[in-house]
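Numbers 146 to 1116, taken from this note's numbering, label the letters of the sequence shown in order.
Note that CB positions come from ideal geometry on N, CA and C, so glycine has one too.
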Amino acid sequence: MDDVPWTSTPLVGRSTEMAALLSAVDDAKTRRAGAVLMSGDAGVGKTRLLDEVATGAHERGFGVLVGHCTDFGDAGLPYLPFSEIFGRLAGDRPDLVESVLTNFPAIGRLLPTHRLIGAQPVPQEGQLDRAALFDAVLGAFTALSTSEPLLVIIEDAHWADDSTRDLIGFLITRLTSQRLALVVSYRSDDLHRRHPLRRPITEWSRNPRVRRVNLLPLDADESRALLNSLLTEPLPESEVRRILERAGGNAFFTEELVAAASMGDGDAVPPDLADLLLVRLDPLSDDARQVARVIAVAGRRVPHDLLSAVAGLPERELDVALRELIDAHIIDVPANDRYYFRHALLAEAVYDDLLPGERVRQHAAYVQALKDQTVAGTAAELAGHATRSHNLAEAFEARVRAGEEAISVAAPQEALKHYELALELFPNRAPESSIDKVWLIVQTATAATLSSQHLRALKILRKALAELPADAPRTQRAELLLPLAEIALIIDQDQEASEAISQALKLVNDEPASVFKAHVASLYARVSDAMGRPMEAERWALRALEIAREAGQESAMGDAGITLAVLRRRAGDPMGAVRQLEEAAVRAQLAGDAAAEVRSRFLLGSTHYEQGDLQSAKAALAIAMRRAAELGRQWAVYGFDARRLLGLTQFVMGEWDEAAATARTDSMTPNASAAALRAVEFAVRSGRGDTSVAEELERLRKWWDLDVMLPIIGLQPAVDAYLQLDQPTEAEKLIADVSTLCADVFQSEWFMARIRFSTLGLQVLCHRAVGEPTAAKELVAKGAELLAAGHATAEKGLPPGRLMGVEGLAWLARLEAEWERLRWLAGIDPPTPEEHVAVWERTVDAFGYGYVFEQAWSRVRLSAALRAAGRVAEANEQAALATEVGRQLASKPLLDEVGGVESGGGASSLTSRETEVLALLAEGRTNRQLARELYISEKTVSVHVSNILAKLGVRSRTEAAAVARRDGLLD
């Protein structure tokens, strides 16, 4: 299992970096797994240092596994370094690999023998199993490290594909007590601002088990020492200085400049580095130079059989040429029958020096060898060579196969790239090609959706429909409309979904029963449900079941059965729906229908949530999230929804740390999903007093249209933050913006979230009422409009026969309580003390189903109402209950409001307005006099006086004045 290289180049300097790397190795030996991210400019000596680290690890009893990333251009082979690692292990230690495959069969997908053109694919369940693949790689490394500690090196990560980066990130986050060290190297000078590795590097670096090692250029003394070690004969000091100055501390440049100077007069050293590198080839034979060119065109480490097939030299001459290149230190000694340039810069220079015709011919030779399967190769390699050789028909076929192979190893991002390139090449396909364009478009859109790029998928399908000839077969148009409708439904574009699926249904209506027709009918039922047509939804869900039975494909019945369960829930039979969804989940799991299983498990959790059974909701959603990850659908619809709703459930239950953990993202999280999960994170942060969430939600505006739940969830924490910042105008503008967006998305102004939005609007008006007493009439008039909007939504927002869930009922109670509070604060048609207390008692009870935070805030308002009614003991009891919750949640805003901060109550918790009122109160002012002097209503004065009495722990105005004088509060 050892991949320990041999090199004759001396290692100069690097003692600090070497110590850091070997420290990680030593830690791994004692079961403290860790990772090192090693960066440096091209040629600075990263590979040479890693060679030394590998040797040191081997001497310490480690197994060493090395994988390389390669620049394939637009789209490459997913997980290439890991395929190399397990492929090499299979060749060196087949017994070990057999054991690994027994315990982790998903590794078989990565073995090169299963990824070659014409190879038999590994049997698999379902289309995508990304999580299982990642777990298998981690499990394999962990298992291998039980017999001997393991060092895994991934070189040139700046060329890594998306899936490789994701897998590296996964491994880093799972490093615990394994005897495993992971080292990842990359070129720092390649990481421009938009390089896809920049974000992962930043996120990986936050992990406490990750160290950073940056290789700087050698200093003057180290550079001179390296130069002297390379010389066979002394050079004039002037030439030495010239080489050192031009090399700039770059070890590779130093080697090349020394080699060039050793071949002649120093004045002949070319000024351009590419020319300098190519000087190394000048003394070689024609055969050696030709073989170097062939290796450069390969674009990766080339095996001997492929090189032999393409080079066009007899074996004897080829061996001589290879020996010449090795002796000249152009290529490295092949440790496993693969040849590669000692440095990528030299390979790039040789490739760039080829004439256009030479490049085309060399790539064409590779195409022929790979296409005929004279030698082993992958579809991604064949596609790259075919494209560069202008054999576009072959490139098209290879791109399609590469896309299918990428999907089979849970790499939808790479599949999308290959499929999109195949679509570009479709006009160049061979006449005898059997690949259907509509099928290819659907596969491309599917890959985009699995990559959480829904808008991209819609764009692909819309364009295809627009370009489809008017006389195209009806089924072709339907095959495009079905995924379009489903994706539009996912991102809440219900109207487009309805139009698309209605067209599809008309197109297949006269077709015989089939799985496709059943899927169309089933999706029509789902869309009808989303559009508020429950009777039509039920009719078509039942029809979908009939079609599936007629077609003899009961496996196609799952989606329709789930839709019927949803309709049953909304018809007022939630427990019946729960039983139906539980059965559907089991059936789907047994049938291998990943999409139906995840959907049913998510809906099971959401049903429990809607009924207020939060414990059951949390358990069901946790299972849904876990199964989605196992099935590779964690970022697809319902899998991601389960994660987000689980985080919200934990937040509602007061499990804020758990909610934050559920919403946490990493480099593997698609950008759209990461943005959406931020809203759950905002709820926790705002609840604890972090006001920056308001600005952060604004910065996420570009994602609002894609996922309307982001602003719906993020609105309340942002409004709370604005109120903490005393910016009610910004809060009102935000509420208006999100309301307008929702009305547009849901095609109705009576969307159910408007009840909560109206409540938030009333809270803002209450905030303004305290500081803007002269605007009381205007504020109450606005409040009346919000109250009416909330009541109208409760009446019109639900489809006929559907009942409101417990959370909706709680917010409706809160809406009415905030309206009473606004009139109380403004002193306009205020409720009686008894009415005010009663409405807040109802709100406390309404949130008692388990919404810990909102119930605590309702208790704060109830406490104020009780205090104003003269029921001080009861008020203190409610405040104490709210304070206890505030402390449990570490909610500073809640604690500040009830005077429950660590400093306790007392004078230190008085607001500036309360201090002002206390000063006038001590002078004997009445409430009416206070109101006139401070330009506020008598009712507002009464609230302030009640708060002052409670915070000072006294029962009368006289006692408050005495305490104020005693404690110097009036100074």
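How many whole angstroms separate the CB atoms of residue 746 and residue 787, which I take to be in contact at a CB cut-off of 8 Å? Between residue 787 and residue 746 the Cβ distance is about 7 Å, and since that is below 8 Å, they are a contact.
Does the beta-carbon of residue 399 have 16 or more other beta-carbons within 10 angstroms, so that it is buried, or is it exposed? With 16 or more other Cβ atoms within 10 Å, it is buried.
If you check the beta carbons only, do residue 190 and residue 456 fall under 8 Å apart? It is not a contact, given that the beta carbons lie outside the stated cut-off.
Which runs of the alpha helix (DSSP H) at least 4 residues long sit entirely within the region 617 to 695? Give them in chain order. Segments of the alpha helix (DSSP H) lying fully in the region 617 to 695: 619 to 635, 639 to 653, 660 to 675 and 679 to 695.
My assumption, with CB atoms under 8 Å, is that residue 793 sits in contact with residue 823. Please give the rounded CB distance. Between the beta-carbon of residue 793 and that of residue 823 there is about 13 Å, and that puts the pair past the 8 Å contact cut.
Looking at the structure shown, is residue 156 part of a helix, part of a strand, or coil, going by DSSP? Three-state DSSP puts residue 156 in coil, outside helix and strand.
Return helix, strand or coil for residue 340, following the three-state DSSP convention. Note: residue 340 maps to coil in three-state DSSP.
Rounded C-beta distance between residue 195 and residue 162? I'm assuming under 8 Å. The beta carbons of residue 195 and residue 162 sit about 10 Å from each other, so the pair does not count as a contact at 8 Å.
Rounded to the nearest angstrom, how far is the Cβ of residue 1081 from that of residue 918, given a contact under 8 Å? With a contact defined as Cβ atoms closer than 8 Å, residue 1081 and residue 918 qualify at about 4 Å.
On a Cα-Cα basis, can you pick out the residue from 576, 836 and 254 that is closest to residue 871? When each option's Cα is compared against that of residue 871, the closest is 836.
Residue(s) in a DSSP beta bridge with residue 299: DSSP, once it has assigned bridges, lists 212 and 329 as partnering residue 299.
Taking its Cβ as the centre, do 16 or more other Cβ atoms sit within 10 Å of residue 639, making it buried, or is it exposed? That one is buried.
Compute the distance between the beta-carbons of residue 903 and residue 866, then report whether it is under 8 Å. No, the Cβ-Cβ distance between residue 903 and residue 866 is not below 8 Å.
From residue 1043 to residue 878, what does the alpha carbon distance come to, in whole angstroms? Going from the Cα of residue 1043 to the Cα of residue 878 covers about 28 Å.
On the three-state DSSP scale, how would you describe residue 754? Correct three-state label for residue 754: helix.
Mark residue 1109 as exposed unless 16 or more other C-beta atoms lie within 10 angstroms of its C-beta, in which case mark it buried. Note on residue 1109: 16 or more other CB atoms within 10 angstroms of its CB, so buried under the neighbour-count rule.
Which full runs of the alpha helix (DSSP H) of 4+ residues lie inside the region 909 to 975, going along the chain? The region 909 to 975 contains these whole alpha helix (DSSP H) runs: 921 to 941 and 951 to 971.
Rounded to the nearest angstrom, how far is the Cβ of residue 346 from that of residue 182, given a contact under 8 Å? About 6 Å; that satisfies the 8 Å criterion.
Shortest alpha-carbon distance to residue 659 belongs to which of 223, 625 and 696? Ranking the options by Cα distance to residue 659, first place goes to 696.
Taking one C-beta from the region 609 to 620 and one from the region 571 to 578 each time, how about it: are there three or more such pairs within less than 8 Å? With a cut-off of 8 Å, the region 571 to 578 and the region 609 to 620 do not count as touching, because too few Cβ pairs lie within range.
So, with DSSP's three-state summary, where would you put residue 115? A question about residue 115 goes unanswered here, because the residues of the chain that appear run from 146 up to 1116.
Check whether residue 483 and residue 446 have beta carbons under 8 Å apart: Judged by beta-carbon spacing, residue 446 lies within the 8 Å limit of residue 483, meaning their Cβ atoms are closer than that value.
Beta carbon of residue 649 nearer than 8 Å to that of residue 641: In this structure, residue 649 keeps its C-beta atom at 8 Å or more from the C-beta atom of residue 641.
As assigned by DSSP and simplified to three states, the class of residue 248: Under the three-state reduction of DSSP, residue 248 is assigned to helix.
Reduced DSSP secondary structure (H/G/I, E/B, other) of residue 1092: Residue 1092 falls in the helix class under three-state DSSP.
Under DSSP, the beta strand (DSSP E) around residue 320 begins and ends at which residues? No beta strand (DSSP E) holds residue 320; DSSP gives it neither H nor E.
Residue 410 classed as buried or exposed, judged by whether at least 16 other C-beta atoms fall within 10 angstroms: The predicted position of residue 410 is uncertain, since its pLDDT is 46 and thus under 50; no value can be drawn from it.
So residue 373 is in the alpha helix (DSSP H); what residue range does that whole segment cover? Element bounds for residue 373: 365 to 375.
Length of the line joining the Cα atoms of residue 415 and residue 427: Because residue 415 carries a pLDDT of 46, less than 50, the predicted location of this residue cannot be relied on, and no value is offered for it.
Alpha carbon to alpha carbon, how far is residue 769 from residue 271? Give it in angstroms, no decimals. Legend: pLDDT at residue 271 = 48, less than 50; position of this residue unreliable, value from coordinates given subsequently. About 17 Å.
Is the separation between the beta-carbon of residue 888 and that of residue 863 shorter than 8 Å? No.
Apply the 10 Å Cβ neighbour rule to residue 584 and answer buried if 16 or more other Cβ atoms are within range, or exposed otherwise. Using a 10 angstroms sphere on the CB of residue 584, the tally of other CB atoms stays under 16, which defines it as exposed.
In terms of alpha-carbon separation, which member of 192, 239, 922 and 876 lies closest to residue 909? When only C-alpha atoms are compared, the closest one is 876.
Is the region 1001 to 1018 touching the region 969 to 987 in the sense that three or more CB pairs, one from each, lie closer than 8 Å? Under the Cβ criterion (8 Å, minimum of three pairs), the region 969 to 987 counts as touching the region 1001 to 1018.
Would you kindly check if the distance between the Cβ of residue 915 and the Cβ of residue 970 is under 8 Å? With a cutoff of 8 Å on beta-carbon distance, residue 970 and residue 915 are scored as near each other.
Once you ignore the five residues that flank residue 303 on each side, which residues in its own chain have a CB closer than 8 Å to its CB? Excluding sequence positions up to five before and after residue 303, its CB lies within less than 8 Å of the CB of 214, 331, 332, 335, 336, 340 and 342, all in the same chain and listed in chain order.
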